[in-house]
Amino acid sequence: MIIAANFKTNHTRKSTKEYIETLDKYVSSLKNDDSVLVFPPSTALDKFNLTENISIGVQNAYPVEKGSFTGEIGLEQIEEFKIDTTLIGHSERRHVLGESQDEVREKYTFFKSKGFQIVYCIGEPKEVREQGIEAVMAYNFSQLEGIDLEYENLIIAYEPVWAIGTGLTASNEQIEETLALLKNKIKSPILYGGSVKVANTKEILEIKNCDGILVGTASWDVDAFCQMIEIADNI
Ligand code: PEP
Numbered sequence: 060m061i062i063a064a065n066f067k068t069n070h071t072r073k074s075t076k077e078y079i080e081t082l083d084k085y086v087s088s089l090k091n092d093d094s095v096l097v098f099p100p101s102t103a104l105d106k107f108n109l110t111e112n113i114s115i116g117v118q119n120a121y122p123v124e125k126g127s128f129t130g131e132i133g134l135e136q137i138e139e140f141k142i143d144t145t146l147i148g149h150s151e152r153r154h155v156l157g158e159s160q161d162e163v164r165e166k167y168t169f170f171k172s173k174g175f176q177i178v179y180c181i182g183e184p185k186e187v188r189e190q191g192i193e194a195v196m197a198y199n200f201s202q203l204e205g206i207d208l209e210y211e212n213l214i215i216a217y218e219p220v221w222a223i224g225t226g227l228t229a230s231n232e233q234i235e236e237t238l239a240l241l242k243n244k245i246k247s248p249i250l251y252g253g254s255v256k257v258a259n260t261k262e263i264l265e266i267k268n269c270d271g272i273l274v275g276t277a278s279w280d281v282d283a284f285c286q287m288i289e290i291a292d293n294i
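At the far end of the sequence shown sits residue 294, using our numbering, and the numbering has no gaps.
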């Protein structure tokens with residue numbers, strides 16, 4: 060199982076360090092081989108001394124080694140911390156910050172060429188979900204245009220936009236149906252994300268074809284995130 064925490068624009072450098080120390084102690088005490096990913100804000104990136112099950116990733120980066128892209132970070136800034144994991148295509152980048160599929164694909168192609176582990180996010184908005192499963196799948200597949208689905212370090216995160224940060228979770232039936240249809244095309248692990256919390260972690264992780272979870276809000280509390288890892292450990 061893959062259990063991932065997206066801090067978004069939360070936590071400071073100090074609180075991230077404390078969080079990761081607590082998390083590392085907890086994960087080191089487990090016997091499982093679950094993979095734990097943490098995406099802190101870029102100001103809190105560092106070389107952390109971690110058990111091998113935990114990886115730190117960046118939430119976003121510009122697809123260049125270095126250059127003149129004010130406000131962005133590139134490969135050089137990431138590699139300083141020996142980081143080789145990134146999120147790409149998160150719904151907040153697509154829908155709030157206006158990233159196009161062309162920009163998302165460019166990032167994917169660049170970080171794939173550098174061998175990064177990529178958590179690639181897709182997911183439909185509410186008005187598309189309301190049109191039914193065919194529209195949902197057409198939308199999700201359109202977000203995979205230009206993406207090499209054979210890439211060995213690819214992880215897909217299916218995150219319906221209407222379920223992210225809203226407290227609304229897709230029903231187990233909706234998740235199961237969507238994951239099954241995605242799995243017809245994709246061999247990579249697929250995570251579900253969208254208002255996952257301790258109380259619904261078990262039922263979501265037990266859904267067929269669900270290989271893990273990408274958690275935003277509920278992951279910001281290290282104790283809650285450790286409880287989710289413990290649930291995964293017991294499945
Ligand atoms: C996310 O940021 O990927 C996410 C799923 O957020 P939340 O858990 O808050 O819905």
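All C-beta atoms, glycine included, are put in the ideal place defined by N, C-alpha and C. No experiment lies behind these values; they were computed from the predicted model shown.
Residues in the same chain with beta-carbon distance under 7 Å from residue i, minus the five sequence neighbours each way, listed in chain order, please.
i, result
"ILE181", "GLY148, ASN199, GLN202, LEU203, ILE215 and TYR217"
"LYS242", "ILE249 and ASN268"
"ARG188", "VAL195, PRO219 and TRP221"
Hey, would you say the C-beta of residue i is under 7 Å away from at least one heavy atom of the ligand PEP?
i, result
"THR276", "yes"
"ASN293", "no"
"ILE223", "yes"
"HIS70", "no"
"GLU183", "no"
"ASN199", "no"
"GLY271", "no"
"LYS125", "no"
"GLU158", "no"
"VAL220", "no"
"LYS261", "no"
"ASN119", "no"
Who are the Cβ neighbours of residue i in its own chain at under 6 Å, not counting the five residues just before and after it?
i, result
"VAL97", "ALA64 and ILE115"
"ILE43", "Residue 43 falls outside the range modelled here, since the chain spans only 60 to 294, and no answer is possible."
"TRP279", "ASN69"
"ILE223", "SER150 and GLY253"
To the nearest whole angstrom, what separates the beta carbons of residue i and residue j, a pair I think is in contact under 8 Å?
i, j, result
"ILE192", "GLU236", "6 Å"
"LYS173", "LEU134", "6 Å"
"VAL255", "VAL281", "So it is not a contact: roughly 16 Å between Cβ atoms."
"ILE288", "VAL95", "6 Å"
"PHE170", "PRO122", "7 Å"
Does the beta-carbon of residue i have 16 or more other beta-carbons within 10 angstroms, so that it is buried, or is it exposed?
i, result
"ALA103", "buried"
"GLN118", "buried"
"ASP143", "buried"
"HIS154", "exposed"
"LEU227", "exposed"
"THR294", "Note that residue 294 corresponds to Ile in the displayed sequence, not to Thr. Classification of ILE294: exposed, given that the 10 Å Cβ count is below 16."
"ARG72", "exposed"
"GLY271", "buried"
"SER150", "buried"
"PHE291", "The residue you asked about is not Phe; residue 291 is Ala in the sequence shown. Buried, because 16 or more other Cβ atoms sit within 10 Å of the Cβ of ALA291."
Within its chain, find whatever has a CB closer than 8 Å to the CB of residue i; leave out the 5 residues flanking it on each side and keep chain order.
i, result
"LEU238", "TYR217, ILE249, TYR251, ILE266, LYS267, ASN268 and CYS269"
Is there a C-beta anywhere in chain B that falls below 8 Å from the one on residue i?
i, result
"THR276", "This model lacks chain B altogether, as it is built from one protein chain only."
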